[in-house]
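*Asks:* Got a structure for you, written out below as structure tokens; questions coming shortly.
Protein chains in written order, with this note's numbering: chain W, 1 to 51; chain U, 1001 to 1717.
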């Protein structure tokens, strides 16, 4: 069962990376306009620069 | 004086100054018709072309555009023009009223939700190994790791529940958060105790998934409220109140708040009177319909009193401000609104009703289980374990999600239909409406006049040719009666402010104006204008307010539902009855004053839906069980309404009622699902057979059922 000693930290780290990404997403205001973000992928011109 | 004490430069940090500049050169514009990627593209590309614009960002969720610009003077108008050219209806929002700060609380909840989700998943993973049969030291290790994740997570993420529960307990009340907090704390505490003693059952995963699901419900609930609140703010920010102040022979545009008693303002033709005041110069006609519901324009001359919110139809007038703030007609109405709201019976929402029954019941059950097992087995550890299991299983995961999930789905659906909901509980109240009261002017009608009776032939041609030269609404309606090619040149046009116009057309002297000008008696009950061709006696043109396209169908739909439809108007009894007959409304009462309107609405029993748009409707709107107003309503009316119909379509009223019924149905179904699951799971827990695995399964299953059930609502149309 010593494999647990590796696997648990690994799974926690991977999950933690996801969590950090989520924090980053919140902080960079990616949840302010969910509908707009869904629609924006359909815009194909790159004239619109992002903030 | 040293630099450091100079407040202008030393005390304010540089980035603060930067922010202040930023905020000043920022425009928020409401664009209600933006709905797809194409709109976003054309707005952002189109506005970047406007000189002075630095950045444009469309927010599709809020249907708003934010523009940063360099502060040059013409940007505001150019941007609005450009939006109109692009085909979008645009309203400038008052930036001061909008909360430009990112929503801290929403982010905070989302953060907690994320952490709780992360922790719940990981602990669930570890728990699966335990359920799969891990034993002895392995199980203890897994439990300890779970504890290390769960305890700090619970301590941080469940804080909203602890705080709410504690503040209720402190004043000796029970709310939903008390059993929630108790369940989470007991689950975590018991699990820690079990882990420390090498026990078999730990409920860390339950404590975490409880927190997670409940936070999800809380987040949805908050989002719905925030959306309603921002809708409310948006509505008040919609009209940037401005007035044209005259000072030293110059006219300047200023904010209404800055006006003082004695200031003189200019009211141009077609503009709203910004203040209560006295006319000091000019003669004109004033449309009072927003204030009184009366469609007949009123003649005003020097020394006459005019009220804010009324519309100047005729020549420009100069008005001296006589009242500001308290003491204006508007504040009288506001007082009436306050009394109406105070007399309204308080409505207890479904969720609150459920919580009132639920919270004591759960505590009794858990306590009963503890007492029973304590005496039956004499084992305190076992008794606490079972009581905890009961608390966890009965914990209102599904209940906490049942209402918010439905409300989120419903308000999202309404938003797409073109209805803003300002108060969540209003959707529940709308279900039991049995009477619909309509205001006439501006609600069922457009406020634009159409001619219903006019002379024909050459007389009409001459009068219409003259009417073409005026942009008074009645003249416009007369001019629209003949074809473009039939117009004749008019010469020597003279305008008599507040009376009418005269000119020579084809060598014949033509006069067009008010009945009094010709010395004739007006026709009762109609908006009218008279025309005189040469020396003939004057002939009359009768007008009627144009019905909204959707009005007839809307009334029909409501009547089909078996609702009583009533028409209350400040306009004359005759005009009101005529319109009632057109629409098939049997109860039509005219010449109703604002306070009478409120009294009548209240006399129809407790379940009235009031639909109105004017200042005279405001008290009735506030006093009715539920209220709606069209987007064209004045802001006081919108502020008093539960729903605002952003799209100008009265059939939406029926859609709202239909949606409210299905939403309430879903809520009740969700309560049913939650109750059904408790009926099955609670006896198992009481009997002491509940394992952490069972608790986890039952809890997740019911929560997911409830959420999916709520989402059904967004299907269709």
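Ideal Cβ positions, reconstructed from N, Cα and C, are used throughout, including at glycine.
Model, not experiment: these values are computed from the prediction.
Determine, using beta-carbon pairs with one atom in the segment 1355-1366 of chain U and one in the segment 1634-1653 of chain U, whether at least three such pairs fall under 8 Å.
*Replies:* no
*Asks:* Select from U:1264, U:1412 and U:1211 the residue whose C-alpha is nearest the C-alpha of residue 1659 (chain U).
*Replies:* U:1412
*Asks:* With a cut-off of 9 Å, does the C-beta of residue 10 (chain W) fall near any C-beta of chain U?
*Replies:* no
*Asks:* Specify, as a first and last residue, the run of the alpha helix (DSSP H) that residue 31 (chain W) falls within.
*Replies:* In the DSSP assignment, residue 31 (chain W) falls outside any alpha helix (DSSP H) and carries neither an H nor an E.
*Asks:* Check whether the Cβ of residue 1061 (chain U) lies closer than 9 Å to any Cβ atom in chain W.
*Replies:* yes
*Asks:* Would you mind reading off the limits of the beta strand (DSSP E) that contains residue 1244 (chain U)?
*Replies:* 1242-1247
*Asks:* For residue 1629 (chain U), which three-state DSSP category applies?
*Replies:* strand
*Asks:* In this structure, what does DSSP give as the bridge partners for residue 1533 (chain U)?
*Replies:* Residue 1533 (chain U) pairs with U:1510.
*Asks:* If contact is defined by three or more beta carbon pairs under 8 Å, each pair taking one atom from either stretch, is the segment 1596-1612 of chain U in contact with the segment 1437-1445 of chain U?
*Replies:* yes
*Asks:* So which residues of chain W does residue 1121 (chain U) contact, with C-beta pairs closer than 8 Å?
*Replies:* 15
*Asks:* Take residue 1256 (chain U) as the anchor and find which of U:1225, U:1309 and U:1218 has the nearest alpha-carbon.
*Replies:* U:1309
*Asks:* Determine, for residue 1111 (chain U), whether the minimum Cβ-Cβ distance to residues of chain W falls below 9 Å.
*Replies:* yes
*Asks:* Just the C-alpha distance for residue 1273 (chain U) and residue 1242 (chain U), rounded to the nearest angstrom, thanks.
*Replies:* 10 Å
*Asks:* Can you find the residues in the same chain that come closer than 7 Å, C-beta to C-beta, to residue 7 (chain W), ignoring five residues on each side of it along the sequence?
*Replies:* none
*Asks:* Report the option in U:1429, U:1518, U:1423 and U:1506 whose CA atom is closest to the CA atom of residue 1496 (chain U).
*Replies:* U:1518
*Asks:* What are the boundary residues of the beta strand (DSSP E) that residue 1348 (chain U) is part of?
*Replies:* Taken as a continuous stretch (DSSP letters only), residue 1348 (chain U) belongs to no beta strand (DSSP E), as it is neither H nor E.
*Asks:* Cβ of residue 1145 (chain U) less than 9 Å from any chain W Cβ?
*Replies:* Chain W, which has a Cβ nearer than 9 Å to the Cβ of residue 1145 (chain U), makes this yes.
*Asks:* Does chain W have any CB closer than 9 Å to the CB of residue 1157 (chain U)?
*Replies:* no
*Asks:* Using the Cβ count rule (16 or more neighbours within 10 Å means buried), how would you classify residue 1530 (chain U)?
*Replies:* buried
*Asks:* Between which two residues does the beta strand (DSSP E) harbouring residue 1484 (chain U) extend?
*Replies:* Premise fails: residue 1484 (chain U) is in no beta strand (DSSP E) and is neither H nor E.
*Asks:* Quick check on the DSSP output: what are the complete beta strand (DSSP E) runs of length 3 or more inside the segment 1108-1181 of chain U, in order along the chain?
*Replies:* none
*Asks:* For the segment 1200-1223 of chain U, which residues have a CB atom closer than 7 Å to at least one CB atom of chain W, in sequence order?
*Replies:* none
*Asks:* For a test of the three-state rule: what should DSSP assign to residue 1642 (chain U), helix, strand or coil?
*Replies:* Reduced to three states, the DSSP call for residue 1642 (chain U) is coil.
*Asks:* Does DSSP put residue 1105 (chain U) in a helix, a strand or coil?
*Replies:* Reduced to three states, the DSSP call for residue 1105 (chain U) is helix.
*Asks:* So residue 1252 (chain U) is in the beta strand (DSSP E); what residue range does that whole segment cover?
*Replies:* 1250-1255
*Asks:* From the beta carbon of residue 1107 (chain U), is the nearest beta carbon of chain W less than 9 Å away?
*Replies:* Output row for residue 1107 (chain U): interface = yes.
*Asks:* For residue 1443 (chain U) and chain W, any beta-carbon pair shorter than 9 Å?
*Replies:* no
*Asks:* Within 9 Å (strictly less), CB to CB, does residue 1380 (chain U) reach chain W?
*Replies:* no
*Asks:* Using DSSP with H/G/I as helix, E/B as strand and the rest coil, what is residue 1491 (chain U)?
*Replies:* strand
*Asks:* At what residues does the alpha helix (DSSP H) containing residue 1458 (chain U) begin and finish?
*Replies:* 1457-1467
*Asks:* Residues of chain W with CB closer than 8 Å to the CB of residue 1115 (chain U), please, in chain order.
*Replies:* 19
*Asks:* Expressed to the nearest angstrom, what Euclidean distance is found between the alpha-carbon atoms of residue 1569 (chain U) and residue 1476 (chain U)?
*Replies:* Taken atom to atom, the span from the alpha-carbon of residue 1569 (chain U) to that of residue 1476 (chain U) is near 25 Å.
*Asks:* Is residue 1659 (chain U) close to chain W? Criterion is C-beta to C-beta, closer than 9 Å.
*Replies:* no
*Asks:* What is the DSSP secondary structure of residue 1048 (chain U), counted as helix, strand or coil?
*Replies:* helix
*Asks:* For the segment 1084-1093 of chain U and the segment 1177-1192 of chain U, state whether three or more C-beta atom pairs, one from each stretch, are separated by less than 8 Å.
*Replies:* With a cut-off of 8 Å, the segment 1177-1192 of chain U and the segment 1084-1093 of chain U do not count as touching, because too few Cβ pairs lie within range.
*Asks:* Contact between the segment 1445-1464 of chain U and the segment 1553-1560 of chain U: three or more CB pairs below 8 Å?
*Replies:* no
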